[in-house]
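Scroll down for the structure; my scribbles are underneath it.
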Amino acid sequence: MDYIHKIKYILFALLLVVFITSCDDEAGITDPPEEHFEAEGLILSSSGVVVASIFQGVTEDTLYVPLGEMTDHMEVTFYDSEQNEIEPPADEDKTLTWEIGNTTIIDVHQHDGEEGGYELHLVGLSAGTTEIEFFIVHEGHNDFRSFPIPVKVQ
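Okay, so the sequence shown: first residue is 49 according to this note's numbering, each after it adds one.
This is the structure we're talking about:
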């Protein structure tokens with residue numbers, strides 16, 4: 049094989065690699081970019097009263113949960129970059145999830161039909177301290193991460 053043919057094969061292989069790795073099956077070149085939920089913090093409130101909040105990963109709050117019981121209903125809203133309160137995303141493909149540090153201390157309860165929504169209760173399973181971190185998941189990745197919020201069950 050001469051030098052020119054080798055270069056042609058190498059260029060073809062490189063173009064093929066670029067094409068395969070730059071395109072996915074779901075999005076085309078003309079598709080608009082996905083909209084991500086832009087939030088810098090999270091607010092948990094009950095009957096309009098802020099129970100805890102976190103902004104840019106910093107909080108001085110602790111959530112208190114009664115042992116063997118459920119907290120009052122809590123609504124989740126968010127902060128924008130200027131620490132203004134904003135509503136959760138309305139898209140059904142953006143859901144609220146969470147990660148609990150120690151699942152033997154607390155659990156999260158959402159009413160039937162509200163799973164993944166922005167309303168919840170915390171349930172005190174055993175006395176102790178743990179933390180909870182909230183996420184907005186969109187198509188398999190996080191659009192938002194709250195960072196851990198301390199939780200105390202007593």
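Yeah, the Cβ is synthetic: ideal placement off N, Cα and C, and Gly gets one too.
When only Cα atoms are considered, residue 109 and residue 100 end up about 5 angstroms apart. Excluding the 5 residues flanking it on each side, residue 154 has same chain C-beta neighbours closer than 8 angstroms at 113, 148, 170, 171, 172, 173, 178, 180, 199 and 201, in chain order. For residue 155, the uninterrupted beta strand (DSSP E) run begins and ends at 154-157, by DSSP.
Per DSSP, reduced to three states, the secondary structure at residue 101 is strand. Going by beta carbons, residue 130 and residue 167 fall outside the 7 angstroms limit. Contact annotation, residue 186 with residue 103: C-beta distance approximately 21 angstroms; criterion of less than 8 angstroms not satisfied. Spanning the alpha carbons of residue 182 and residue 135 requires a straight line of approximately 15 angstroms. Around the beta carbon of residue 115, fewer than 16 other beta carbons sit within 10 angstroms, so the residue counts as exposed. Listed in chain order, the non-local C-beta contacts of residue 146 below 8 angstroms within the same chain comprise 156, 180, 181, 182 and 183, local neighbours out to five positions each way being set aside.
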